[in-house]
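Each remark here refers to the structure printed beneath this line.
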Amino acid sequence: MEKQQRTKACKNIELEVVENGVAVISINHPPLNLLSVEVLLSLKENIEEAMRKDNVKAIVITGSRGNFSAGFDVTAFGGSQRRKTRKELGFMSIEFITDTFEAARKPIVAAVEGLALGGGFEIALACHARISTSSAKLGLPELQYGILPGFGGGHGFKPWKQPLAEMQGTQRLPRLVGLPKALEMILTSKRVSGEEACSMGLVDAMSPSDRLLGSACRWALDILECRRPWSISLSRTDRLAPLAEARTLLNSARARMRKQNPNVIHPLVCIDVIEHGILCGPRNGLWKEAEALHELRQSDSCRSLVHVFFAKQRTSKIPGITDTGLLPRKIRKVAILGGSLMSSGIATALVFANHYVIMKYMDQKSLENGIDGVKADLEGRLKEGKMTREHYEKACALLRGVLSYDTFKDVDLVIEDMLDVVSLKQQIFADLDECCPPRCIFASTTCIVDLDLLGERMKTCREIVGVHFFSPPTATDLLEIVRTERTSPQVVVDLLNFGRRIRKTPIVVQDCTGFAVRRMCFPYLQAAMFLVQHGADVYQIDKALTSFGMKLGPFRMLDRDGFQSAAVCDVKFLETFQDRSYESNLIPIMRKNNREGESTRQGFYTYNDKGEASPDPEISKYIEMTRNFINDPNCSWKTYNAFNIYNLATLSDGEIVEMILFAVLNEACLMISDAVIVKSSDLDVASVLGMGFPEYRGGIIFWSQSVGSEYICSKLEEWSKEYGESFKPCAYLIERASKRCSLGAESKQAKSLL
Numbered sequence: 001m002e003k004q005q006r007t008k009a010c011k012n013i014e015l016e017v018v019e020n021g022v023a024v025i026s027i028n029h030p031p032l033n034l035l036s037v038e039v040l041l042s043l044k045e046n047i048e049e050a051m052r053k054d055n056v057k058a059i060v061i062t063g064s065r066g067n068f069s070a071g072f073d074v075t076a077f078g079g080s081q082r083r084k085t086r087k088e089l090g091f092m093s094i095e096f097i098t099d100t101f102e103a104a105r106k107p108i109v110a111a112v113e114g115l116a117l118g119g120g121f122e123i124a125l126a127c128h129a130r131i132s133t134s135s136a137k138l139g140l141p142e143l144q145y146g147i148l149p150g151f152g153g154g155h156g157f158k159p160w161k162q163p164l165a166e167m168q169g170t171q172r173l174p175r176l177v178g179l180p181k182a183l184e185m186i187l188t189s190k191r192v193s194g195e196e197a198c199s200m201g202l203v204d205a206m207s208p209s210d211r212l213l214g215s216a217c218r219w220a221l222d223i224l225e226c227r228r229p230w231s232i233s234l235s236r237t238d239r240l241a242p243l244a245e246a247r248t249l250l251n252s253a254r255a256r257m258r259k260q261n262p263n264v265i266h267p268l269v270c271i272d273v274i275e276h277g278i279l280c281g282p283r284n285g286l287w288k289e290a291e292a293l294h295e296l297r298q299s300d301s302c303r304s305l306v307h308v309f310f311a312k313q314r315t316s317k318i319p320g321i322t323d324t325g326l327l328p329r330k331i332r333k334v335a336i337l338g339g340s341l342m343s344s345g346i347a348t349a350l351v352f353a354n355h356y357v358i359m360k361y362m363d364q365k366s367l368e369n370g371i372d373g374v375k376a377d378l379e380g381r382l383k384e385g386k387m388t389r390e391h392y393e394k395a396c397a398l399l400r401g402v403l404s405y406d407t408f409k410d411v412d413l414v415i416e417d418m419l420d421v422v423s424l425k426q427q428i429f430a431d432l433d434e435c436c437p438p439r440c441i442f443a444s445t446t447c448i449v450d451l452d453l454l455g456e457r458m459k460t461c462r463e464i465v466g467v468h469f470f471s472p473p474t475a476t477d478l479l480e481i482v483r484t485e486r487t488s489p490q491v492v493v494d495l496l497n498f499g500r501r502i503r504k505t506p507i508v509v510q511d512c513t514g515f516a517v518r519r520m521c522f523p524y525l526q527a528a529m530f531l532v533q534h535g536a537d538v539y540q541i542d543k544a545l546t547s548f549g550m551k552l553g554p555f556r557m558l559d560r561d562g563f564q565s566a567a568v569c570d571v572k573f574l575e576t577f578q579d580r581s582y583e584s585n586l587i588p589i590m591r592k593n594n595r596e597g598e599s600t601r602q603g604f605y606t607y608n609d610k611g612e613a614s615p616d617p618e619i620s621k622y623i624e625m626t627r628n629f630i631n632d633p634n635c636s637w638k639t640y641n642a643f644n645i646y647n648l649a650t651l652s653d654g655e656i657v658e659m660i661l662f663a664v665l666n667e668a669c670l671m672i673s674d675a676v677i678v679k680s681s682d683l684d685v686a687s688v689l690g691m692g693f694p695e696y697r698g699g700i701i702f703w704s705q706s707v708g709s710e711y712i713c714s715k716l717e718e719w720s721k722e723y724g725e726s727f728k729p730c731a732y733l734i735e736r737a738s739k740r741c742s743l744g745a746e747s748k749q750a751k752s753l754l
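Using the UniProt record's numbering, you'd call the opening residue of the sequence shown number 1 and step up by one each time.
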């Protein structure tokens, strides 16, 4: 056996010639074997070395320590570069991949285990065959970052010093699996298992992990000896549909992408590149891909999406807590005190992530409904193919329903999810104090009640933290971890780890009314209500915000959450933020007429059996009633510049977006200055995952950079003079605008509390 490690270009590629004459080239950059230009050049050099060796008959490419390669480090995306020449653009696409891999005179086989994503997956696509474990994950996630599934258009730590690294995900994948499946994988960034990849022809065979390398070596030698086909994926046409059918598929995909998101172009560019390769040949498609990829890397969408990606990674880094060496304690057994539909959703998310869950209810009927809700959620996921039958049965076995605290003696975490009645919650935590072990973490889902109040009846001085899930818990990735002055660093570390284990993005916030997301939703809904009561149209407002990219307009959001929830929150927000509150009587009027939102199929919209929303002409009469209240000198409702109907009926969509989102930005600035959040980028994550702000705009704070703090401040000052104090810019925003700074930097107060 001969082993040789190439160290001249890069230490992350190893070459070993095994006894049967196969050169095994390993990408060794743990834990994910990420790629860079240096790694690629070293890979190319090692392949050429193996080609020159007389004792090498074939080549196998694999990754070390259980992963093939998760692709390029995302830090390479979204950077600016000098203009590239056509030769540089195609260097890696043509010279390296096509001319080195596919034109090789010795067969090259990929042995795929663990993650094979992005550029790593495309290396496998360029090989003459692919052998995979059944549990491997293969996919092209590039559209999540605003680019094409190419080799990254200049990835690497010093891209200005290296040739561009392009590759042909848009060209090879359709030729291997057919256009419909390729479009699905590329446009949805779908990952497929090794088993699914084998069934669709993406990999040639499966092998257990302990025999993967041997299987790949034998396959490579079989190719050499003509017992297996020598397949060049870029040259294949057998899986491509006839031209007319292909055009129909591509046009249908374009229409679908335009409908889903009319504000971004990279999915459409991706479809254009695929079509170009089909019409003009794969080599022309490579050039088209390279040029398009370079342009997209300079786009605002790419920069925004990359910002959100890293902002999500940073939410778990809390200065003074996660950098002190504390190790998270394992949370295996969780008890949920159920009192709402949310309880079942939380339990579903936990058992799906392999946590043992005890659900406690006050009575047998509620318990049965709660357990049935979890099982229905799991059955839905099973039918949708989101879990296997084995996973489903295991999840069901992890669930237990009880009516007493007898089984709480060894729980690691208790999540109280009862009605927001202070006396009820206090008694619950007093009871928990008697029956739970000392190390158990006590948590509540409330976003209305002060957490410190909840433990006043406990005999011990246990701390209570907030864990705020979002509806539905199984589909919403955000988790707010709410700390008080008494919260220990260990508990924060424990819950951050718990959040990641249940596949959530956790953000840490200080205990305050509404925490982060609801505090941003407060001005979002309040400003919209103000506009309606002063002449604007409900449906124009929602359309303007959804056209901007919000998942839900303010009134559709109110319908989804329900008017009862809105009424409870309004009372607390009006009490806490009197200086900037606008009280509307529109919701109370609608509730008197038996409208409660989507749950009753009547809110600002009407809803059919499928939950589809339609505008309701009857809304106009309720709006007219509330406008009459404003004009009534005897009305008791708190309004600004009372008894005036402002002429807001003629606002453009752009003006509506500004008036509502600038109010949200103002509240976000208050949270930064009050140190409610740890980092301003946490608000970007919260706005994207919690309130449906468009990810391709980077989140609420990141988006403000494209508008400018001076402009935002000037408009808020103008509106506050004309329409009242609810639009008055806060001191932090005024300070940042006066210095012409972005809103993203934390204030001195926030920094001092980290």
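Even glycine gets a Cβ: it sits at the ideal position worked out from N, Cα and C.
| task | Measure the alpha-carbon distance for Glu-596 versus Gly-562 and round it to whole angstroms. | result | Position 596 of the sequence shown holds residue 596. Position 562 of the sequence shown holds residue 562. Glu-596 and Gly-562 have their C-alpha atoms roughly 6 Å apart.
| Which first and last residues belong to the alpha helix (DSSP H) in which Phe-309 is found? | Residue numbering aside, residue 309 sits at position 309 when the sequence shown is read from its first letter. DSSP places Phe-309 inside the alpha helix (DSSP H), whose first and last residues are 300-314.
| Going by alpha carbons, who is nearest to Ala-244 out of Glu-612, Leu-179, Ala-110? | Along the sequence shown, one-based indexing puts residue 244 at 244. Of Glu-612, Leu-179, Ala-110, the residue nearest in Cα terms is Leu-179.
| query | For the alpha helix (DSSP H) that contains Pro-506, what are its first and last residues? | reply | Translated into the one-based positions of the sequence shown, residue 506 becomes position 506. Segment 505-510 is the beta strand (DSSP E) holding Pro-506; no alpha helix (DSSP H) there.
| CB-CB under 6 Å to His-307, same chain, minus the five flanking residues each way: which ones, in chain order? | Against the sequence shown, residue 307 aligns to sequence position 307. Gly-698, Phe-702, listed in sequence order.
| task | Reducing DSSP to helix, strand and coil, say where Ala-443 ends up. | result | The sequence position of residue 443 within the sequence shown is 443, counting from 1. Reduced to three states, the DSSP call for Ala-443 is strand.
| Under the three-state DSSP convention, the category Thr-606 falls into | Residue 606 sits at position 606 when you count from the first residue of the sequence shown. For Thr-606, the secondary structure class from DSSP, reduced to helix, strand or coil, is strand.
| task | Starting from Gly-401, trace the beta strand (DSSP E) both ways and give me its first and last residue. | result | Taking the sequence shown and counting its residues from 1, the one referred to as residue 401 is at position 401. It spans 399-402 - the beta strand (DSSP E) in which Gly-401 sits, taken as one unbroken run.
| Going by C-alpha distance, which of Leu-651, Ser-134, Pro-149 is nearest Pro-208? | What you label residue 208 is simply residue 208 of the sequence shown in a count that begins at 1. Closest option to Pro-208, judged by alpha-carbon separation, among Leu-651, Ser-134, Pro-149: Ser-134.
| query | Three-state secondary structure (DSSP) at Glu-113? | reply | For this step, residue 113 is matched to residue 113 along the sequence shown. Residue state for Glu-113 is assigned as coil, using DSSP reduced to three classes.
| Secondary structure of Ser-26, DSSP reduced to three states | Translated into the one-based positions of the sequence shown, residue 26 becomes position 26. In this structure, Ser-26 counts as strand in the three-state DSSP scheme.
| query | Within 10 angstroms of its Cβ, does Glu-289 collect 16 or more other Cβ (buried), or is it exposed? | reply | Locating residue 289 in the sequence shown gives position 289, counting from the first residue. The Cβ neighbour count for Glu-289, taken over all protein chains shown within 10 Å, is at least 16; the residue is labelled buried.
| Residues that DSSP places opposite Asp-417 in a beta bridge | Against the sequence shown, residue 417 aligns to sequence position 417. According to DSSP, residue pairing for Asp-417 in a beta bridge involves Gly-338.
| said: I'd like to check one pair, Arg-239 with Val-177: are the Cβ atoms closer than 8 Å? | reply: Numbered from 1 along the sequence shown, position 177 holds the residue referred to as residue 177. Numbered from 1 along the sequence shown, position 239 holds the residue referred to as residue 239. Yes, the Cβ-Cβ distance between Val-177 and Arg-239 is below 8 Å.
| task | Taking only the alpha-carbon atoms, compute the straight-line gap between Lys-739 and Arg-314 and give it to the nearest angstrom. | result | Along the sequence shown, read from residue 1 onward, the residue named residue 739 stands at position 739. Along the sequence shown, read from residue 1 onward, the residue named residue 314 stands at position 314. Per the coordinates, the alpha-carbon of Lys-739 lies some 27 Å from the alpha-carbon of Arg-314.
| To the nearest whole angstrom, what separates the beta carbons of Ala-443 and Val-467, a pair I think is in contact under 8 Å? | As a working note, residue 443 is residue 443 in the sequence shown. As a working note, residue 467 is residue 467 in the sequence shown. Confirmed, Cβ separation roughly 4 Å.
| query | What distance in whole Å lies between the Cβ atoms of Val-56 and Tyr-696, which are believed to be in contact at a cut-off of 8 Å? | reply | As a first step, residue 696 must be located in the sequence shown, where it is residue number 696. As a first step, residue 56 must be located in the sequence shown, where it is residue number 56. Between Val-56 and Tyr-696 the Cβ distance is about 46 Å, and since that is not below 8 Å, they are no contact.
| said: For Gly-281 and Phe-121, I'd like the C-alpha separation in whole angstroms. | reply: Taking the sequence shown and counting its residues from 1, one reaches residue 281 at position 281. Taking the sequence shown and counting its residues from 1, one reaches residue 121 at position 121. Each residue's alpha carbon lies about 22 Å from the other.
| Which partner residues of Leu-479 appear in the DSSP bridge assignment? | Walking along the sequence shown from the start, residue 479 turns up at place 479. According to DSSP, which records beta bridges pairwise, Leu-479 is partnered with Pro-506.
| Out of Tyr-361, Glu-722, Ile-589, Lys-394, which has the shortest C-alpha to C-alpha gap to Gln-564? | As a first step, residue 564 is located in the sequence shown; it is residue number 564 there, counting from the start. Out of Tyr-361, Glu-722, Ile-589, Lys-394, Ile-589 has the C-alpha closest to the C-alpha of Gln-564.
| Range of the contiguous beta strand (DSSP E) that encloses Thr-62 | The residue given as residue 62 occupies position 62 in the sequence shown. Here the beta strand (DSSP E) through Thr-62 covers 58-63.
| message | So, does the stretch 395-407 touch the stretch 355-364, judging by three or more C-beta pairs under 8 Å? | response | Taking a contact to require three or more Cβ pairs closer than 8 Å, the stretch 395-407 and the stretch 355-364 qualify as touching.
| As assigned by DSSP and simplified to three states, the class of Ser-207 | Taking the sequence shown and counting its residues from 1, one reaches residue 207 at position 207. In the structure shown, Ser-207 sits in coil (DSSP, three-state: anything other than H, G, I, E or B).
| Would a C-beta distance cut-off of 8 Å place Val-203 and Arg-130 closer than the cut-off? | Position 203 of the sequence shown, counted from the first residue, corresponds to residue 203. Position 130 of the sequence shown, counted from the first residue, corresponds to residue 130. Yes. Within cutoff.
| What is the residue span of the beta strand (DSSP E) that Ser-614 lies within? | Along the sequence shown, one-based indexing puts residue 614 at 614. Run containing Ser-614: 613-615, per the beta strand (DSSP E) assignment.
| field | Among Gln-490, Leu-495, Arg-627, Asp-477, nearest to Phe-530 - alpha-carbon criterion | value | As a first step, residue 530 must be located in the sequence shown, where it is residue number 530. Phe-530 has its Cα closest to that of Arg-627, out of Gln-490, Leu-495, Arg-627, Asp-477.
| Whether Arg-389 touches Leu-382 by CB criterion (8 Å) | Here residue 389 corresponds to residue number 389 of the sequence shown, with the count starting at 1. Here residue 382 corresponds to residue number 382 of the sequence shown, with the count starting at 1. It is a contact, given that the beta carbons lie within the stated cut-off.
| What is the rounded straight-line gap between the Cα of Leu-148 and the Cα of Leu-115? | Within the sequence shown, the letter at position 148 stands for residue 148. Within the sequence shown, the letter at position 115 stands for residue 115. Cα to Cα, Leu-148 sits roughly 19 Å from Leu-115.
| Contact under 8 Å by Cβ, Ile-336 with Ala-347 | Translated into the one-based positions of the sequence shown, residue 336 becomes position 336. Translated into the one-based positions of the sequence shown, residue 347 becomes position 347. In contact: Ile-336 and Ala-347 (Cβ atoms closer than 8 Å).
| Where are the alpha helix (DSSP H) runs, 4 residues long or more, that stay fully inside the stretch 266-298, in chain order? | Correct list: 266-280, 282-296.
| Touch test, the stretch 100-110 against the stretch 46-60, Cβ-Cβ under 8 Å, three pairs minimum | Yes, they touch.
| task | Have a look at Ile-441 and Ile-464 and give me their C-alpha separation to the nearest angstrom. | result | Position 441 of the sequence shown holds residue 441. Position 464 of the sequence shown holds residue 464. Rounded to the nearest angstrom, the two C-alpha atoms are 7 Å apart.
| field | First and last residue of the uninterrupted alpha helix (DSSP H) at Lys-572 | value | Translated into positions along the sequence shown, residue 572 becomes position 572. Per DSSP, the continuous alpha helix (DSSP H) segment holding Lys-572 begins and ends at 563-576.
| task | Find the nearest neighbour of Ile-587 within the set Phe-577, Lys-610, Ala-613, Glu-624, judged by alpha-carbon distance. | result | Here residue 587 corresponds to residue number 587 of the sequence shown, with the count starting at 1. Of the listed residues, the one whose Cα sits closest to Ile-587 is Glu-624.
| message | Going by DSSP, what residue range makes up the beta strand (DSSP E) through Lys-137? | response | The residue labelled residue 137 in the question sits at position 137 within the sequence shown. Start and end: 137-139.
| query | Comparing alpha-carbon positions, which option in Pro-328, Leu-479, Gly-338, Val-509 lies nearest Leu-424? | reply | Start at 1 with the first residue of the sequence shown, and residue 424 comes out as number 424. Comparing Cα-Cα distances from Leu-424 to each of Pro-328, Leu-479, Gly-338, Val-509, the minimum goes to Gly-338.
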